[in-house]
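Working notes, structure below.
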Amino acid sequence: MLEALQKIKERVDENTLVLYGHDYRKTNVAFQKTINENLLTPYKLPEGIEEKMCLTLKEEIEYNPFFRIIEISGGDSHPITELRKAKDNFKY
Numbered sequence: 000m001l002e003a004l005q006k007i008k009e010r011v012d013e014n015t016l017v018l019y020g021h022d023y024r025k026t027n028v029a030f031q032k033t034i035n036e037n038l039l040t041p042y043k044l045p046e047g048i049e050e051k052m053c054l055t056l057k058e059e060i061e062y063n064p065f066f067r068i069i070e071i072s073g074g075d076s077h078p079i080t081e082l083r084k085a086k087d088n089f090k091y
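Letter by letter, the sequence shown follows residues 0 to 91 in numbering that gives the first Met the number 0.
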């Protein structure tokens, strides 16, 4: 998964719209806020994220912890499993 996300970041134009099969905005924003609380350098969620039906790839990279996994994990090269487990167990 990490390699696939890295390829997307490298090869897809950042202005490309990301279209979703399901609407998980509320849950994802709440989960992202819990991740953000634990970061040494928290970041700002993209403006209006909760109202948007789709994001550009640039916004998705800013917002989605899976795209930011290396930064979030402090450089650990295999952190996806732990983040996926945390997301799966997250209760909104």
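No residue lacks a Cβ here, since even glycine has one placed at the ideal position from N, Cα and C.
A quick note: this is a predicted structure, and the numbers were derived from the prediction, not measured.
Output the boundary residues of the alpha helix (DSSP H) element that contains residue i.
| i | result |
| --- | --- |
| R24 | 24–36 |
| K8 | 1–10 |
Please identify the residue among the options whose C-alpha is closest to the C-alpha of residue i.
| i | options | result |
| --- | --- | --- |
| M52 | D22, E58, Y91, M0 | D22 |
| A3 | P45, E46, F65 | F65 |
| T55 | Q5, V17, V11, I7 | V17 |
Checking the sheet assignment: what are the DSSP bridge partners for residue i?
| i | result |
| --- | --- |
| L16 | T55 |
Spatial neighbours of residue i within its chain, please: C-beta separation below 6 Å, excluding the five flanking residues on both sides.
| i | result |
| --- | --- |
| A29 | Y91 |
Identify, in the order they occur along the chain, each residue of the same chain with its Cβ nearer than 8 Å to the Cβ of residue i, setting aside the five sequence neighbours on each side.
| i | result |
| --- | --- |
| E49 | R24, K25, V28 |
| N14 | T55, L56, K57 |
Excluding the five sequence neighbours on either side, which residues of its own chain have a C-beta within less than 7 Å of the C-beta of residue i, listed in chain order?
| i | result |
| --- | --- |
| K86 | F30 |
| Y19 | C53 |
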